[in-house]
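Those sequence lines, one after another, are chains E and L. Sequential numbering of the first sequence, starting at 90, is according to the working numbering. Sequential numbering of the second sequence, starting at 4, is according to the working numbering. Quick reminder that beta carbons are idealized off the backbone N, C-alpha and C, glycines included. One structure is given here, and the rest of the page talks about it.
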Amino acid sequence: MQDSVKPDGITPSQTVGPFFKYGLTPTGDYAWNDAFTSSTLTPDVTGDRIRIEGRVFDGAGVAVPDCMLEIWQADAQGRFADPQDKRALPNASFRGFARCGTDKDGNYAFETIKPGAVPDPDGKPQAPHILLAVFGRGMLRHLYTRIYFSDEAGNSADPVLALVPADRRATLTAVREAGKPVYRLDLRLQGDDETVFFDV
Amino acid sequence: MAGEEFAMTFIYPVDSNKAHPLPLSPDYKSSIKRAPNKPLIPMRHTLSELTGPVYGHETVREGDNDLTTQHAGEPIGERIIVHGHVRDEDGRGVPNSLVEIWQANSCGRYVHVRDQHPAPLDPNFTGAGRTVSDASGYYRFVTIKPGAYPWGNHHNAWRPAHIHLSVFGYSFVTRLVTQMYFPNDPLFPFDPIFNSVPDEKARARMVSSFDLENTKPEWALCYRFDIVLRGKNATPMENH
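Spelled out as structure tokens, the structure:
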């Protein structure tokens, strides 16, 4: 039986390359259907509907037109749509996952809901956050970061933000636009204002 | 652990990531301005990292795993079967995992609008497919063997033939995008993307093996490719 073979390690990552769009984010431009969209919204989802948008830049400050971004998040009550989270609601249609590609000017945008607080390994609440994975040509492995929200008082007590030097926390904090349910966060893959990426 | 509401049986050792390329691999020119300069910040996994998107059969249509039947006619090229198991680090099959693939056609040309390599497009081949691993972790595609193609990284640079794969697994930190190569490709020593993986044994895990036993007579050669994702049992066998 094949299952008895213990592998000598995991399969290494390779870049998503420049040509993933027709397979992973066709969005009507190719003869292939989308498994995912840039929205996590479903008709029955509760919570505050928000848009998160921004641009992706490389180390020379040039917009990155061929990134793929994926988000993973809890629902408004802080539950994940994964049976491994025993608090998950089995009948809810909210999945908590979305994917998009950047456009020619490096723009991305997600439509989603504001997640609730999720416990850390000690059971203490983390501030509301979304996990973000960044894939692209030139990136041999995707990078993990987090999106926090500028209008959350819990940020100051968040155990993960506490690991980040204070002067870099802004790279993880999406800023609410006045009067609109829209948050902005630019990503910088390299340089002085480089986005904080996590070793997870 | 976060309490009894969360009964996770898997751990994801950060050490396993040593198999991956470093972000900066200067021979791969595109990595120079896109790799972070600052070290990644280590952190404990929380529920957010330990859970992950669950997508199953509703995501995949009948026939999505056969890239040779998506158009009016059959694509040109060498028909092949690519199959194997999605596994965890202990070797157990990972069931119900979405596997997405995309690739060049038999001439080494991608349907992507930005690929201007002067090789023909094939009106009967898009080059995209997806499937879900079964209860034992098994997956299977039917496709056309992709061609090698030139790229601008350095003088006379050619990518070895490969199929791109995207796999989910049990958690957001098992997410894997990789490339499957074909055995004994003469381009291996010259490819900076393949060689961005520092360990020779790890590189070998990106190379499929020819599978005569599952080759279909009079129809298609078969290649086997196991995809090993992060994830170990939280209580290792040696402790039992």
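Contact criterion: CB-CB distance below 8 Å. Does residue i meet it with respect to chain L?
| i | result |
| --- | --- |
| G243 (chain E) | no |
| K269 (chain E) | no |
| Y272 (chain E) | no |
| P181 (chain E) | Here residue 181 (chain E) turns out to be Ala, not Pro, going by the sequence shown. Not an interface residue. |
| L232 (chain E) | yes |
| E200 (chain E) | no |
| G106 (chain E) | yes |
| S119 (chain E) | The displayed chain sequence assigns Tyr, not Ser, to residue 119 (chain E). Answer yes: the Cβ-Cβ gap between Y119 (chain E) and chain L drops below 8 Å somewhere. |
| T116 (chain E) | no |
| I139 (chain E) | no |
| P96 (chain E) | yes |
| Q166 (chain E) | no |
Would you check if the distance between the CB atom of residue i and the CB atom of residue j is smaller than 8 Å?
| i | j | result |
| --- | --- | --- |
| Y15 (chain L) | V97 (chain L) | no |
| E200 (chain E) | L274 (chain E) | no |
| G111 (chain L) | A160 (chain L) | no |
| G227 (chain E) | R37 (chain L) | yes |
| P163 (chain L) | D137 (chain L) | no |
| D164 (chain E) | F183 (chain E) | yes |
| V249 (chain E) | R235 (chain E) | yes |
| V176 (chain L) | R208 (chain L) | no |
| P78 (chain L) | I147 (chain L) | yes |
| I202 (chain E) | V134 (chain E) | yes |
| V114 (chain L) | L124 (chain L) | yes |
| L220 (chain E) | S51 (chain L) | yes |
| D93 (chain L) | N236 (chain L) | yes |
| T206 (chain E) | G268 (chain E) | The question names Thr, yet the displayed sequence has Ala at residue 206 (chain E). The answer is no: Cβ separation not under 8 Å. |
| D30 (chain L) | R133 (chain L) | no |
| T49 (chain L) | Q215 (chain E) | yes |
| R95 (chain L) | H231 (chain E) | no |
| F171 (chain L) | P45 (chain L) | no |
Give the straight-line distance between the Cα atoms of residue i and residue j, rounded to the nearest whole angstrom.
| i | j | result |
| --- | --- | --- |
| P80 (chain E) | L27 (chain L) | No statement about residue 80 (chain E) is possible, as the shown extent of chain E runs from 90 to 289 and does not include it. |
| F3 (chain L) | H23 (chain L) | In the structure as shown, chain L begins at 4 and stops at 243. Residue 3 (chain L) is therefore absent and cannot be evaluated. |
| V94 (chain E) | V210 (chain L) | 17 Å |
| R90 (chain L) | P186 (chain L) | 21 Å |
| Y141 (chain L) | L101 (chain L) | 11 Å |
| S239 (chain E) | R265 (chain E) | 6 Å |
| A5 (chain L) | Q173 (chain E) | Residue confidence is low: A5 (chain L) scores 43 on pLDDT, short of 50, so the model does not pin down where it sits. Its coordinate-derived value is still stated next. Cα to Cα, the separation comes out at about 12 Å. |
| H218 (chain E) | V253 (chain E) | 15 Å |
| R144 (chain E) | D202 (chain L) | 35 Å |
| P42 (chain L) | G87 (chain L) | 35 Å |
| P121 (chain L) | P149 (chain L) | 15 Å |
| Y197 (chain E) | G190 (chain E) | 7 Å |
| R143 (chain L) | N108 (chain L) | 18 Å |
| N217 (chain L) | S139 (chain L) | 18 Å |
| F13 (chain L) | A255 (chain E) | 32 Å |
| L113 (chain E) | D211 (chain E) | 37 Å |
| D118 (chain E) | Y111 (chain E) | 7 Å |
| N122 (chain E) | A246 (chain E) | 42 Å |
| L178 (chain E) | V271 (chain E) | 27 Å |
| L25 (chain L) | K219 (chain L) | 39 Å |
Report yes or no: is there a C-beta of chain E within less than 8 Å of the C-beta of residue i?
| i | result |
| --- | --- |
| N68 (chain L) | no |
| T218 (chain L) | no |
| A138 (chain L) | no |
| Y3 (chain L) | Lying before the first or after the last residue shown, residue 3 (chain L) is absent from chain L, which here runs from 4 to 243. |
| G155 (chain L) | no |
| N40 (chain L) | yes |
| T134 (chain L) | no |
| F193 (chain L) | no |
| F175 (chain L) | yes |
| R178 (chain L) | yes |
| Q119 (chain L) | no |
| P29 (chain L) | no |
| I14 (chain L) | no |
| V200 (chain L) | yes |
Is there at least one non-hydrogen atom of the ligand NAD closer than 7 Å to the beta-carbon of residue i?
| i | result |
| --- | --- |
| F144 (chain L) | You won't find the ligand NAD in this model; it holds no ligand whatsoever. |
In or out: residue i buried (at least 16 other Cβ within 10 Å) or exposed?
| i | result |
| --- | --- |
| A120 (chain E) | exposed |
| L215 (chain L) | exposed |
| G155 (chain L) | exposed |
| N244 (chain E) | buried |
| T238 (chain L) | exposed |
| V285 (chain E) | buried |
| L276 (chain E) | buried |
| R47 (chain L) | exposed |
| P132 (chain E) | exposed |
Quick one: measure Cβ to Cβ for residue i and residue j, integer angstroms, because I've assumed they're closer than 8 Å.
| i | j | result |
| --- | --- | --- |
| T194 (chain E) | A152 (chain E) | Correcting the residue type first, residue 194 (chain E) is Asp in the shown sequence and not Thr. Contact flag correct, Cβ pair sits at about 5 Å. |
| P58 (chain E) | T181 (chain L) | Chain E is shown from 90 up to 289; residue 58 (chain E) falls before or after that span and cannot be answered. |
| F287 (chain E) | Y233 (chain E) | 5 Å |
| A187 (chain E) | S128 (chain E) | 6 Å |
| N20 (chain L) | Q279 (chain E) | Contact doesn't hold; Cβ gap of about 20 Å is too wide. |
| A223 (chain L) | I104 (chain L) | With 8 Å as the limit, A223 (chain L) and I104 (chain L) do not qualify as a contact, their Cβ atoms being about 16 Å apart. |
| N127 (chain L) | A75 (chain L) | 7 Å |
| R233 (chain L) | I160 (chain E) | Not a contact, Cβ separation roughly 20 Å. |
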